[in-house]
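Counting in the numbering used here, the sequence shown runs from 189 upward without gaps.
Every residue, glycine too, gets a C-beta built ideally from N, C-alpha and C.
All values reported here derive from a predicted model rather than from experimental measurement.
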Amino acid sequence: MIKKKTYFVIVKNLTLKASVGIYPKEKRKKQKVRFNIKIIAKDNIQLNNTISDFVSYDDIIKNIKNIINSGHIPLVETLANKIAIKCLKDKRILKIDIMIEKLEPFKEAESVGVKITRNN
């Protein structure tokens, strides 16, 4: 059995302001949201590579920013799914884990959120 070579792309504790949530307060004002992304990508590492040969964390962050800047999203689950769909358009990505946390909704909790996994 031939195993695929893979590598990981990590975005850890990316904190941005986003308009997400179902409550009136969340619709009026953007809130701090933390993103943690782990991608498993096809390994194409050679001796002479260029950045275009790899899944770029810069592109992942741009995708997230474009999605959150496109308007209000009622559910964190929907936001996570939109990010996964956008990222998985890159067929080099085999799997993506996305954790999104709202950092401000409850004074009793450090954060609340969701984690999803999607595969290509």
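Check	Outcome
Proximity to P262 [Cα-Cα], best of T238, K290, A229	K290
Inter-residue spacing [alpha-carbon to alpha-carbon] between M287 and I255	15 Å
Range covered by the alpha helix (DSSP H) that runs through N251	245–256
Whole-Å CB distance - K220 paired with E292, under 8 Å assumed	6 Å
Reference I304; option with closest CA among I281, L267, D246, R280	L267
Coarse secondary structure for K274, derived from DSSP in three states	helix
Cut-off 8 Å between Cβ atoms - residues of its own chain near L202, not counting five sequence neighbours on either side	R222, F223, N224, I225, I249, I252
Opening and closing residue of the beta strand (DSSP E) in which K213 lies	Note, K213: premise wrong, no beta strand (DSSP E); alpha helix (DSSP H) at 212–216.
Own chain partners of Y245 with C-beta closer than 7 Å, once the 5 adjacent residues on each side are dropped	V197, V199
Spatial neighbours of M189 in its chain, beta-carbon cut-off 8 Å, leaving aside the 5 residues before and after	Its pLDDT being 46, under 50, M189 is placed unreliably by the model, and nothing is read from it.
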